[in-house]
Amino acid sequence: MADQALPFAQLMKLGRSLVADQVPDQSRQSLPVPVPARAERPLRVAFMYCPAQALPGVNRLAPPNQLAWLDPIHGTLLAVQAVTPASFGQPDAARELLGEFRLPVGVTAESYLALRERLLQLYDLLLPQWAQWSPAVERPVLQANASEFLQVFGKVGEPPLIPYYYSLGRAFFDWVREVAR
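Reminder that position 63 of the sequence shown reads as 480 in my numbering, one-by-one numbering, no gaps.
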């Protein structure tokens, strides 16, 4: 189909390279967040960037302070904007430690990377259905993909950022949770 997104693994790389001159290297890039099309805006994929302090075995995260918008079909950068916790409806202080991100218990660095790769593959499977770019797949297949997405996202997503993910990508995450039921 003409309206087909680039693979999410590629969008992740573009999310870092296209903003390299606007986002500090020490910022942690979030996982991709699909944001629905509206009359005045096409479907976009957002990436949050958080000030981070990487220490052995842990990343200390502050709330996102920048947000990048990518066109998922063409892989172009649409905008980079400054944000605060209030931009996401969160009460956190802008520059204070939000929390820490560690690998889940029993998850090695290698298995974390494999889980993250699987999550990106699940985005590839779910986005065309959510955006309705492709014919509907069988309900059991879609339900299984959505259920696995939620499971893997729960292991790969940074716990301090979960409210930010859900605020920014409410439409997508609500749809995934509904489909998984």
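Glycine included, every Cβ here is placed at the ideal spot set by N, Cα and C.
- With respect to the C-alpha of S528, the residue from N476, M465 and K572 having the closest C-alpha is K572.
- If you ignore the 5 residues before and after A496, its C-beta comes within less than 6 Å of the C-beta of W486, all in its own chain and listed in chain order.
- The alpha carbon of T525 has as its nearest neighbour, out of P449, P453, V475 and K430, the alpha carbon of V475.
- According to DSSP, Y466 shares a beta bridge with Q446 and Q483.
- In the three-state reduction of the DSSP assignment, A503 falls in the helix class, which pools H, G and I.
- For the options T493, S434 and N562, the alpha carbon positioned closest to that of Y466 is the one of S434.
- Out of A561, L520, H491 and F590, the CA that lies nearest to the CA of P473 is found in L520.
- A residue is called buried once 16 or more other Cβ atoms fall within 10 Å of its Cβ, and D591, having fewer, is exposed.
- About 10 Å separates the beta carbon of P508 from that of P480, a gap too long to meet the 8 Å contact definition.
- Of all alpha-carbon atoms in V522, Q427, W547 and A437, the one lying nearest the alpha-carbon of V596 is that of W547.
- The Cβ-Cβ distance between L460 and P424 does not fall below 8 Å.
- Taking the Cβ atoms as the reference, L515 lies roughly 20 Å from V436, outside the contact range of under 8 Å.
- Here the alpha carbons of A463 and Q439 stand approximately 15 Å from one another.
- Restricting attention to V500, F518 and A531, the CA atom closest to the CA of A511 is found in V500.
- Beta-bridge partners assigned by DSSP to N476: A471 and F518.
- Of the other Cβ atoms in all chains shown, fewer than 16 fall within 10 Å of the Cβ of R556; this residue is therefore exposed.
- Straight through space, the alpha carbons of L478 and E513 are spaced by roughly 9 Å.
- P489 carries a coil assignment under DSSP once its states are collapsed to helix, strand and coil.
- If the five residues before and after Q470 are omitted, its C-beta is found closer than 6 Å to the C-beta atoms of R477, all from its own chain and listed in chain order.
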